[in-house]
Structures are given as structure tokens and as C-alpha cells.
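Working notes, structure below.
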Amino acid sequence: FDFWALTPRSDILVFFGIWLILPFVWRRLVIPASGAVAALVVALLISGGILTWAGFNDPQEINGTLSANATPAEAISPVADQDWPAYGRNQEGQRFSPLKQINADNVHNLKEAWVFRTGDVKQPNDPGEITNEVTPIKVGDTLYLCTAHQRLFALDAASGKEKWHYDPELKTNESFQHVTCRGVSYHEAKAETASPEVMADCPRRIILPVNDGRLIAINAENGKLCETFANKGVLNLQSNMPDTKPGLYEPTSPPIITDKTIVMAGSVTDNFSTRE
1 FDFWALTPRS
11 DILVFFGIWL
21 ILPFVWRRLV
31 IPASGAVAAL
41 VVALLISGGI
51 LTWAGFNDPQ
61 EINGTLSANA
71 TPAEAISPVA
81 DQDWPAYGRN
91 QEGQRFSPLK
101 QINADNVHNL
111 KEAWVFRTGD
121 VKQPNDPGEI
131 TNEVTPIKVG
141 DTLYLCTAHQ
151 RLFALDAASG
161 KEKWHYDPEL
171 KTNESFQHVT
181 CRGVSYHEAK
191 AETASPEVMA
201 DCPRRIILPV
211 NDGRLIAINA
221 ENGKLCETFA
231 NKGVLNLQSN
241 MPDTKPGLYE
251 PTSPPIITDK
261 TIVMAGSVTD
271 NFSTRE
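One point on numbering: in the UniProt record's numbering, the residue at position 127 of the sequence shown is 127, and numbering is uninterrupted.
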């Protein structure tokens, strides 16, 4: 018996039930009244009509038509066999590597190649839940990964040596649901779709989601902010939200990126505010 799980289902119905079983109430209800049967029949007919109508009408349904003319999709750039440039390796999220050097027969011979320590540990103001959930991405000879506090590191994939790192200086507090970073996204601008300013400033960029509601674009070559992105490299995802307290909205996963659009998700803390 789970009291708290059942309590919301009781609500005011419990009080109505208690009221109806009181002797001075139910005795009056059993006294025949003129017109009671007719009123009951009318009420049942109305209720039946409403239920019948509701069965064939969905208030959430949006009726429309689809064009018979299919729009051909643009071809997705192929991914080099040795690369893993997205959370699911490619935009389709297939999570499959075509590499065959390591297989079921020789995997037991693997030995540690290198170790890299980020130095990111739990801080005094962090909430109870802080996790390391990153899926690194690899582009060319560089590995990109983020830590729990969204510190971004670029490492030499062969040696594990740090090339550069970027710290968004996340300020946490106990109102945060959790502190984590599941990954970052990579985008390479194309001359035919990007402006000359973008091509000159930041043609290859890493998109970093930060738990305080920021989305940051960083030059994949040197770790500097992409000045041509949003507000000098930083986009406030909480803009125009009714409540912008840090920790209310938390992006934790890498976005999906096309040449024109960034698709971003995030979590919202339940019961944090009535203005969600």
C-alpha cells in the first residue's frame, strides 16, 4: 500500500464519499421524489451522448493533408571510417563503427594506451546527483569530451595529450536537478551555406550545452569562442522563458545540428515553479 501514490487519486472524492455515507444525508436520498426517475433518465441520456461524441472526436487531433509531391532529402555527408563526429556517430544515430581491426577474437589482447584525468570533481555547491556520462566524439586526429561541469577538452586521439580546454565556469547550487554532460556536437560550415564572416571566424566548431541554460560555440581548432555565433559565442536558451532561475532548465545532451538549424532539448525541474 503506497499512501503517497494513492493520495492524489483520492482528492476531493474522499470528502464527497464521507459526506454521502453520513446517516442524515443518505436517509434523505432514499426518500422517493417526484420527477426523480425522469431526471435520472435525462442525465443518463445526456451523459451517453457526450461519451459517444467524445469517442469520435479527439480535441488534440489536427486534421490536414499531405502533399503528394515528395521533397528529396539532401544527401548526408559520409563519415570517415575512423571518425565518430556525433553522439550516435552519424546524424542517423546508428552507433555503428565499420572498423574491423578489433574483433571478438583479439579483443582480449587490448592493453591500456593512455589515461587522461580531467580533474573535475564534485564541488561544495553541487546537488546530490553529479555524474560523468560523456560519449566523446572524434574528428580527424582529435578527441572532444566534456566533464560533469561542462569543461570541454580537446585531446590528441593517439597520445591522449591535451591540445586545449575551455571552462564555461558553471555556477551550480543545490536547486539543480543534477550536474552532467552527455556530450558535445561538431559542425563544419560550408562555403555555399555559411557567410564569409563565419568561414573566417569559426568554420569548424564544437557546440557545448551548459547546465545553466547556455549553448556555447567553440572553435574546434583552438578552443576560443566563435564570435559570429549568437552573442559572441554564447546563446541564452532561457531567453523569453517566464522563469530563468539557474537550474530550472538544464540542457545536458548534445544537440542535433544541420547547416541551418540546431535542435536542442533539455530537462525542466518538476514543481520548481508554477510559471513553467
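Using N, Cα and C, we set each Cβ at its ideal position, and we do this for glycine too.
Pick out whichever of the options has its Cα sitting closest to the Cα of residue i.
i                 : options                          : result
leucine 248       : Thr269, Pro203 and Ala43         : Thr269
histidine 149     : Leu237, Lys171, Asp58 and Ser159 : Lys171
threonine 261     : Pro251, Thr193 and Glu221        : Thr193
serine 175        : Ala54, Phe272 and Thr131         : Phe272
glutamate 162     : Gly64, Asp141, Leu110 and Ile256 : Asp141
aspartate 201     : Ile256, Ile207 and Asn219        : Asn219
threonine 131     : Trp164, Leu45, Thr180 and His108 : Thr180
glutamate 227     : Asn236, Glu221 and Ala217        : Ala217
lysine 138        : Thr252, Tyr87, Pro196 and Pro254 : Tyr87
alanine 80        : Glu92, Asp58, Ser97 and Pro124   : Ser97
asparagine 231    : Met199, Leu44, Arg214 and Pro85  : Arg214
phenylalanine 229 : Asn240, Ala43, Asp212 and His187 : His187
Tell me residue i's beta-bridge partners as DSSP assigns them.
i                 : result
lysine 138        : Trp84 and Leu143
phenylalanine 153 : Leu145 and His165
asparagine 271    : DSSP, once it has assigned bridges, lists no residue as partnering asparagine 271.
arginine 214      : Val210 and Asn236
leucine 225       : Ile218
glutamate 250     : Ser267
valine 179        : Ile130
asparagine 231    : Val234
isoleucine 257    : Ile262
Along the chain, where does the beta strand (DSSP E) containing residue i start, and where does it finish?
i              : result
valine 210     : 204-210
glutamate 192  : Counting along the chain, glutamate 192 falls outside any beta strand (DSSP E), and DSSP gives it neither H nor E.
serine 185     : 185-188
leucine 235    : 234-236
isoleucine 130 : From DSSP, isoleucine 130 is part of no beta strand (DSSP E); its letter is neither H nor E.
How would you write the range of the alpha helix (DSSP H) that residue i sits in, first residue to last?
i          : result
leucine 13 : 13-20
Secondary structure at residue i, three-state DSSP: helix, strand or coil?
i                : result
isoleucine 102   : coil
valine 121       : coil
valine 263       : strand
valine 107       : helix
valine 42        : helix
phenylalanine 1  : Unreliable placement is indicated for phenylalanine 1, whose pLDDT of 49 sits below 50; no coordinate value is reported for it.
isoleucine 50    : helix
serine 77        : coil
methionine 241   : coil
valine 115       : coil
aspartate 201    : helix
arginine 28      : helix
glycine 35       : coil
glycine 64       : coil
residue 285      : With the chain covering only 1 through 276, there is no way to say anything about residue 285.
phenylalanine 56 : helix
serine 159       : coil
serine 10        : helix
Measuring from the CB of residue i, is there a heavy atom of the ligand ATP at a distance below 7 Å?
i         : result
valine 79 : Questions concerning the ligand ATP fall outside what the structure shown contains, since it holds no ligand whatsoever.
For residue i, would you say it is in contact with chain B, using Cβ-to-Cβ distances shorter than 8 Å as the test?
i          : result
valine 134 : Checking the listed chains, one finds no chain B in this structure; it contains a single protein chain.
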